[in-house]
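S.K.: Sharing a structure with you now.
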Amino acid sequence: MIIKKDDCNKKSSFLRNLTLKIWDASKNIGENLIHFITKTKTIDINFFHNLETILIQSDISLSTTRNIVQNVMQYSKKNKIYDHHKLYLYIKQIILNILIHVEQSLIIKNENPYIIFVIGVNGVGKTTTIGKLAYYFNKQNRSVFLVAGDTFRAAASQQLRLWSQKSYSYMITSQHHKIDSSAIIYDAIQQSQQNNADILIIDTAGRAHNNIALMQELKKNVKIIRKKKDNAPHEIMLVLDAHIGQNSINQFKEFHKHIGITGIVLTKMDGTAKGGIIITLSNDYKIPIRYIGTGEQITDLHLFNAKKFINTIFMNN
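This note's numbering runs 54 ahead of the 1-based position in the sequence shown.
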């Protein structure tokens, strides 16, 4: 906790209940902060306690919350700032400073092909994201090949084929169900090289982040890729659902431990996500946020822009 124990003990049960009411689960971090700031009359120990609550409830980790709140407390005390609006703007600037460091777009180099290895748990929108990526790169006049590395789910190959058609990309798949994914990935690299592909995007089967056997399979995939092409995969991209908060952080930690993540895509950032997960990932792990997905349309994939993100969740107020 940031607040001293003695100070916390002084809070009445009434104030503790009031603290919980300042946070609305249906709102994102910016909306909750605006509501809190406009309703607060004095800058005192309760103000910082409530600020802490809002940040944690918005999916921001305790360590990141501690950094933000301590920073605001020091700023207020040092500069004798007790104006709510100034503190609100300062909080906004602190978060922007955190996010700006992970605003790193993916730079596609001439690798013949540049290999993007996409991983994640079931249901995060991995295959959909791949289709959007393919369309995005195709609009840049790059030749894109997709490979259906998810050989366990029969519908996975069909789903990826639909996205390849929508994105005007080439599709590499196997005629045999449940074939070893490493075998098809190996063949896909060879085919993409023969066809002078600019980019090869590899879809993988969704898997629980705590399933060690399936994590070992991903390691095998990466080993095969490196055997076929030095320094590849050039990007190991983790797709995370922005709605599920701390569980997404747990997913990241496990995938990163076993595979080594080089970039993140956050899906379902359609206005209902709280936004805290991006702040936690940025402050605690410093992994680049490449893109955010905001809907189901093929164009609903955007480069992560820290300033635009901040202005969106803080509603430019």
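Glycine residues also receive a C-beta, built at the ideal position from the N, C-alpha and C atoms. Since this is a predicted model, take the numbers as computed values, not measurements.
Please return the same chain residues whose Cβ sits closer than 7 Å to the Cβ of Trp77, not counting the five positions on each side in sequence.
M.R.: Only weak support exists for where Trp77 lies, its pLDDT of 47 falling under 50; the coordinates are left without a value.
S.K.: To the nearest angstrom, report how far apart Gly329 and Gln124 are at their CA atoms.
M.R.: 20 Å
S.K.: Is there contact here, the stretch 125 to 135 with the stretch 351 to 371, by at least three beta-carbon pairs under 8 Å?
M.R.: no
S.K.: Comparing C-alpha positions only, which one of Leu143, Tyr189, Ser197 sits nearest to Pro167?
M.R.: Ser197
S.K.: Determine the direct distance from the alpha carbon of Leu200 to that of Phe252, and round the result to whole angstroms.
M.R.: Reading the sequence as shown, one finds Asp at residue 252 and not Phe. Spanning the two alpha carbons is a distance of roughly 11 Å.
S.K.: Could you compute how far the alpha carbon of His356 sits from the alpha carbon of Ile346?
M.R.: 5 Å
S.K.: Output the residue ranges of the alpha helix (DSSP H) runs that lie fully inside the stretch 163 to 245 and measure 4 residues or longer, sorted by chain position.
M.R.: 180 to 192, 208 to 220
S.K.: State whether the stretch 138 to 153 contacts the stretch 259 to 279, with contact taken as three or more CB pairs (one from each stretch) at a distance under 8 Å.
M.R.: no
S.K.: At a cut of 8 Å, does the stretch 161 to 178 reach the stretch 286 to 294 through at least three beta carbon pairs?
M.R.: yes
S.K.: Tell me where the beta strand (DSSP E) around His356 begins and ends.
M.R.: 355 to 357
S.K.: Taking the alpha-carbon positions, what's the Ile97 to Thr119 distance?
M.R.: 18 Å
S.K.: With respect to the beta strand (DSSP E) encompassing Glu289, which residues constitute its N-terminal and C-terminal limits?
M.R.: Per DSSP, Glu289 belongs to the beta strand (DSSP E) from 289 to 295.
S.K.: Just to confirm my understanding: we take His263, look at its own chain, exclude 5 residues before and 5 after, and list those with CB closer than 7 Å. What are they?
M.R.: Residues Val175, Asn304, Gln305, Glu308, Phe309 of the same chain have their beta carbon placed closer than 7 Å to that of His263, with the five preceding and five following residues left out of the count.
S.K.: Hey, out of Ile313, Leu294, Asn365, whose CA is closest to Leu335's CA?
M.R.: Leu294
S.K.: So, at 8 Å on beta carbons, what are the nonlocal neighbours of Thr92 in its own chain, with the 5 sequence-adjacent residues on each side left out?
M.R.: Cβ within range, chain order: His138.
S.K.: Identify every residue that forms a DSSP beta bridge with Gly317.
M.R.: Gly317 pairs with Met291.
S.K.: Quick one: grab the DSSP three-state call for Gly330.
M.R.: helix
S.K.: Just the Cα atoms here: how many angstroms apart are Ile114 and Asn100?
M.R.: 19 Å
S.K.: Could you give the DSSP three-state label for Gly260: helix, strand or coil?
M.R.: coil
S.K.: Can you name the start and end residues of the alpha helix (DSSP H) that Gly299 belongs to?
M.R.: Segment: none, Gly299 is in no alpha helix (DSSP H) and carries neither H nor E.
S.K.: Could you tell me the distance, in whole angstroms, from the CA atom of Gln300 to the CA atom of Gly317?
M.R.: 18 Å
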